[in-house]
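K.L.:
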Amino acid sequence: MAETLTVAGPPRTAGPLAGCRVVELGGIGPGPFAGMFLADLGAEVVRVDRPERADEPDAGGPADVLNRGKRSVVLDLKHPSAPAALLDLVEHADVLIEGFRPGVTERLGIGPHVCLARNSRLVYGRMTGWGQNGPLAAAAGHDLTYIALTGALGAMGDAGGPPQIPLNLVGDFGGGGCYLVIGVLAALHAAGRTGRGQVVDAAIVDGTAHLLASTFAKLGRGEWSDERGVNRFDGGWPFYAVYETRDGRHMAVGALEAKFYRSLVGLLGLDVDPDRQHDRSTWPELRRRLERRFAQRTRDEWTALFEGTDACVAPVLSLTEAAAHPHVAARGSLVDRDGVVQPAAAPRFSLTPSSPGTTAPAVGADTSDVFRDWGVGGIGELLDSGAAVQGGKPNERIRS
Numbered sequence: 006m007a008e009t010l011t012v013a014g015p016p017r018t019a020g021p022l023a024g025c026r027v028v029e030l031g032g033i034g035p036g037p038f039a040g041m042f043l044a045d046l047g048a049e050v051v052r053v054d055r056p057e058r059a060d061e062p063d064a065g066g067p068a069d070v071l072n073r074g075k076r077s078v079v080l081d082l083k084h085p086s087a088p089a090a091l092l093d094l095v096e097h098a099d100v101l102i103e104g105f106r107p108g109v110t111e112r113l114g115i116g117p118h119v120c121l122a123r124n125s126r127l128v129y130g131r132m133t134g135w136g137q138n139g140p141l142a143a144a145a146g147h148d149l150t151y152i153a154l155t156g157a158l159g160a161m162g163d164a165g166g167p168p169q170i171p172l173n174l175v176g177d178f179g180g181g182g183c184y185l186v187i188g189v190l191a192a193l194h195a196a197g198r199t200g201r202g203q204v205v206d207a208a209i210v211d212g213t214a215h216l217l218a219s220t221f222a223k224l225g226r227g228e229w230s231d232e233r234g235v236n237r238f239d240g241g242w243p244f245y246a247v248y249e250t251r252d253g254r255h256m257a258v259g260a261l262e263a264k265f266y267r268s269l270v271g272l273l274g275l276d277v278d279p280d281r282q283h284d285r286s287t288w289p290e291l292r293r294r295l296e297r298r299f300a301q302r303t304r305d306e307w308t309a310l311f312e313g314t315d316a317c318v319a320p321v322l323s324l325t326e327a328a329a330h331p332h333v334a335a336r337g338s339l340v341d342r343d344g345v346v347q348p349a350a351a352p353r354f355s356l357t358p359s360s361p362g363t364t365a366p367a368v369g370a371d372t373s374d375v376f377r378d379w380g381v382g383g384i385g386e387l388l389d390s391g392a393a394v395q396g397g398k399p400n401e402r403i404r405s
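Converting from the sequence shown to this note's numbering requires adding 5 to each position, the first position being numbered 1.
In structure tokens, the structure reads:
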């Protein structure tokens with residue numbers, strides 16, 4: 006089972022980014038993920054929400070995983086007094102991240118030029134799908150459309166079949182949120198040396214294209230065919246593929262190297278010549294034999310056979326099953342927080358351990374406290390005018 010975290014208390018400040026202050030303008034997807042990532046690393050992340058988010062059913066609480074470890078402030082940025090209040094927070098921050106379409110923060114009076122004039126060391130992180138310029142910069146889009154344009158989507162799927170959607174891992178979170186975090190950390194390092202902040206333009210199309218570096222290299226060397234399901238890592242090679250078992254489940258086979266392939270065919274009891282592993286003329290029959298062999302036993306039976314071997318074979322687990330796997334459980338890669346299974350903080354540090362932060366608070370629960378703690382005055386007037394909103398009592402905070 007996943008490790009259970011039940012220790013109550015205030016937000017923790019451990020981690021390599023302890024002391025770093027981040028203002029996150031509330032959004033969806035990769036922006037909140039980047040904020041969660043920075044919070045897991047120890048940064049103090051203040052999410053600035055819209056007033057209407059308080060009515061959203063998934064806002065706050067243990068299931069609001071992307072907003073764990075953060076504090077919540079509500080500012081109505083359309084109110085004439087709210088942008089100035091935000092700039093007061095920015096003056097005390099190290100980082101601001103936003104995920105609006107290009108030009109939105111400029112129209113609100115909180116664009117990068119205004120913020121950097123107020124705080125010259127600020128790292129201003131911008132998260133978009135298409136980027137801040139280019140023909141599609143102002144267009145709507147989602148993960149699927151971004152990865153389609155880069156070629157990533159077109160490379161995934163079975164031979165002769167349609168492209169297969171890889172959840173929204175490749176675009177939103179891989180090419181998007183992770184690249185925003187990398188850019189922010191690099192800009193923080195530069196600011197520490199130069200005393201000058203800068204704008205980080207993180208676009209999902211850029212990050213996804215960057216993730217394809219190895220694939221484009223293979224394409225350039227003639228080692229990759231620009232079609233689906235015929236290549237080394239897309240299921241085209243029979244010893245790097247997924248096979249159905251007798252109970253309708255699946256095993257993942259990744260026996261690329263010769264010694265691993267020998268182990269695979271030996272454990273399966275296949276009468277094949279392992280020295281002909283890369284003889285493509287044998288592959289159609291090899292795939293048929295692998296399909297027939299894996300269909301003879303259940304997934305759990307095959308798992309028991311391959312456990313601890315070097316055949317590079319693993320069971321394909323569901324999200325629910327993954328939390329109970331002995332290795333995942335031993336590493337604590339997934340944790341159970343108040344009944345919600347979620348990822349632990351990653352990566353791991355020897356001197357400044359990271360950890361998943363407190364459970365997401367109610368929307369606006371920290372408005373008054375953040376202004377007080379950051380030394381920003383005038384919160385009473387902001388609340389009275391409706392520019393700021395104090396939410397309900399914070400949810401019970403849980404930390405590791």
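Positions of the beta carbon are idealized from the N, C-alpha and C atoms, including for glycine.
A quick note: this is a predicted structure, and the numbers were derived from the prediction, not measured.
1. What's the C-alpha gap between Gly-3 and Val-210?
2. Check whether the Cβ of Leu-216 lies closer than 7 Å to any heavy atom of the ligand HEM, and answer yes or no.
3. Measure the C-alpha to C-alpha separation of Val-321 and Gly-65 and round it to an integer number of angstroms.
4. Considering only the beta carbon of each residue, do Ala-19 and Gly-40 sit closer than 8 Å?
5. Pull the bridge partners of Gly-200 from the DSSP assignment, please.
6. Give the secondary structure of Gly-130 by DSSP, where H, G and I count as helix, E and B as strand, and everything else as coil.
7. Step through the CB atoms of chain C and report whether any lies within less than 8 Å of the CB of Val-340.
8. Should Ser-125 and Gly-202 be called a contact, given that it needs their Cβ atoms to be closer than 8 Å?
9. Sorted by chain position, which residues of the same chain lie with C-beta nearer than 8 Å to Ala-144's C-beta, five sequence neighbours on each side aside?
10. Residues in its own chain within less than 8 Å of Leu-190 by CB, not counting five upstream and five downstream?
11. Going straight from the alpha carbon of Val-12 to that of Pro-67, what length do you get?
12. Whole angstroms is fine: what's the gap from Thr-372's alpha carbon to Leu-71's?
13. Helix, strand or coil for Cys-317? Go by DSSP, reduced to three states.
14. Along the chain, which unbroken stretches of the alpha helix (DSSP H) at least 4 residues long are found entirely within the segment 18 to 51?
15. Is Val-79 near Val-51, with beta carbons less than 8 Å apart?
16. Grouping DSSP H, G and I as helix and E and B as strand, with all else coil, what is Ile-102?
17. In whole angstroms, give me the CA-to-CA distance for Gly-391 and Ala-370.
18. Compare the beta carbon distance of Ala-90 and Leu-387 with 8 Å and say whether it is the shorter of the two.
19. Taking only the alpha-carbon atoms, compute the straight-line gap between Cys-317 and Phe-221 and give it to the nearest angstrom.
20. Does the separation of the CB atoms of Gly-253 and Gly-188 fall below 8 Å?
21. Mind pulling the beta strand (DSSP E) runs of 3 or more residues that sit fully within the segment 246 to 294?
22. With distances taken from CA atoms, which of Leu-193, Tyr-151, Pro-167, Ala-164 is nearest Leu-174?
23. Going by the DSSP bridge assignment, what does Ala-207 pair with across the sheet?
24. Check whether the segment 90 to 107 touches the segment 28 to 35, taking contact to mean three or more Cβ pairs, one atom from each stretch, closer than 8 Å.
25. In this structure, how does DSSP classify Ala-218 when only helix, strand and coil are distinguished?
26. Within this structure, are the beta carbons of Gly-362 and Gly-74 separated by less than 8 Å?
27. Secondary structure at Ser-86, three-state DSSP: helix, strand or coil?
28. Given a threshold of 16 other Cβ atoms within 10 Å of its Cβ, counted over all protein chains shown, does Thr-155 qualify as buried or as exposed?
29. Just mark Gly-344 as buried or exposed, buried being the case when its beta carbon has 16 or more other beta carbons within 10 Å.
30. I'd like the list of long-range same chain contacts for Glu-296, defined as Cβ closer than 7 Å, with 5 residues on each side in sequence excluded.
31. Looking at Glu-96 and Arg-123, is the spacing between their C-beta atoms short of 8 Å?
32. Hey, how far is the Cα of Thr-250 from the Cα of Thr-314?
33. Apply the 10 Å Cβ neighbour rule to Thr-213 and answer buried if 16 or more other Cβ atoms are within range, or exposed otherwise.
34. Going by C-alpha distance, which of Phe-244, Pro-167, Val-258 is nearest Thr-308?
35. Alpha carbon to alpha carbon, how far is Leu-10 from Leu-94?
36. Assuming contact is defined by CB atoms lying nearer than 8 Å, are Thr-325 and Arg-342 in contact in what I supplied?
P.N.:
On the basis of the data shown:
1. Because residue 3 is not part of the residues shown, which for the chain are 6 to 405, the question remains open.
2. Of ligands this structure carries none, so the ligand HEM is not represented either.
3. 32 Å
4. no
5. Per DSSP, none; premise fails for Gly-200.
6. Looking at Gly-130 - three-state DSSP - the assignment turns out to be strand.
7. Given the protein chain composition of this structure (a single chain), no chain C is represented.
8. yes
9. Apart from sequence neighbours up to five positions away, the residues of its chain that approach Ala-144 with a beta-carbon distance below 8 Å are Trp-135, ordered along the chain.
10. none
11. The predicted model places Val-12 with a pLDDT of 35, which falls under 50 and marks its position as unreliable; any figure quoted below should be read in that light. Cα to Cα, Val-12 sits roughly 13 Å from Pro-67.
12. Roughly 19 Å between the two C-alpha positions.
13. coil
14. Every unbroken stretch of the alpha helix (DSSP H) spanning 4 or more residues and falling wholly within the segment 18 to 51 is given here in chain order: 35 to 45.
15. no
16. strand
17. 15 Å
18. yes
19. 25 Å
20. no
21. 255 to 259
22. Tyr-151
23. Met-132
24. Segments in contact, yes.
25. helix
26. yes
27. coil
28. When all chains shown are included, Thr-155 counts as buried.
29. Exposed: under 16 other Cβ atoms inside 10 Å.
30. Tyr-248
31. yes
32. 19 Å
33. Thr-213 should be labelled buried.
34. Val-258
35. Note that Leu-10 scores 46 on pLDDT, short of 50, meaning its location in the model is unreliable; the coordinates nonetheless yield the value given after this. In a straight line, the C-alpha of Leu-10 is about 32 Å away from that of Leu-94.
36. no
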